[in-house]
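Enquirer: After the structure tokens below, expect a handful of questions from me.
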Amino acid sequence: EALAAKKARGAQLGNPQNMTPAISRQGQAAMQRNAREHQANRQAAQLADLLRTKGQTLWQIAVALNATGYRTRRGKEFHATTVWRLLLTSY
């Protein structure tokens with residue numbers, strides 16, 4: 379409640395000077411590492427790799443992953459772009 383009241387008074391929270399390019403890269407690296415290490419992503423990547431070697435498109439692979447119940451680490455459905463990113467990373 380106190381924080382909401384402070385925001386309502388117009389106080390600016392956080393320090394944008396702390397957001398250096400190095401900190402941004404560090405955050406991005408942590409997100410990528412978390413995605414690589416997530417068990418469901420590792421399983422989805424193996425299936426995606428198998429389907430890709432059989433000649434399926436990224437879109438077809440996304441449809442197959444979604445149909446079998448796979449979701450991204452954040453619980454979202456796969457799309458061609460997310461499949462592409464999944465395949466780019468070595469699992």
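Converting from the sequence shown to this note's numbering requires adding 378 to each position, the first position being numbered 1.
Every residue gets a Cβ at the ideal spot worked out from N, C-alpha and C, and that includes glycine.
1. For G405, name the three-state secondary structure that DSSP assigns.
2. Only counting runs of 4 or more residues, tell me where the alpha helix (DSSP H) segments fall wholly within the segment 400–464, in order along the chain.
3. Considering Cα atoms alone, identify which of T450, G388, P399 is closest to Q494.
4. Is there contact here, the segment 426–439 with the segment 459–466, by at least three beta-carbon pairs under 8 angstroms?
5. In whole angstroms, what separates the C-alpha of A422 from that of F456?
6. Under the three-state reduction of DSSP, which class applies to L381: helix, strand or coil?
7. Whole angstroms are fine: how far does the CA of N393 sit from the CA of A383?
8. Using 9 angstroms as the threshold, is the C-beta distance between Y448 and L428 below it?
Expert: A quick look at the data gives this:
1. Numbered from 1 along the sequence shown, position 27 holds the residue referred to as residue 405. G405: helix per DSSP, three-state reduction.
2. 417–431, 436–445
3. Any property of residue 494 remains undetermined from this structure, which presents the chain solely from 379 to 469.
4. yes
5. Numbered from its first residue, the sequence shown carries residue 422 at position 44. Numbered from its first residue, the sequence shown carries residue 456 at position 78. Taking the straight line joining both Cα atoms gives about 10 angstroms.
6. If you number the sequence shown from 1, residue 381 lands on position 3. Correct three-state label for L381: helix.
7. Translated into positions along the sequence shown, residue 383 becomes position 5. Translated into positions along the sequence shown, residue 393 becomes position 15. For A383 and N393, the distance between alpha carbons rounds to 19 angstroms.
8. One-based indexing of the sequence shown puts residue 448 at position 70. One-based indexing of the sequence shown puts residue 428 at position 50. Contact flag unset, no.
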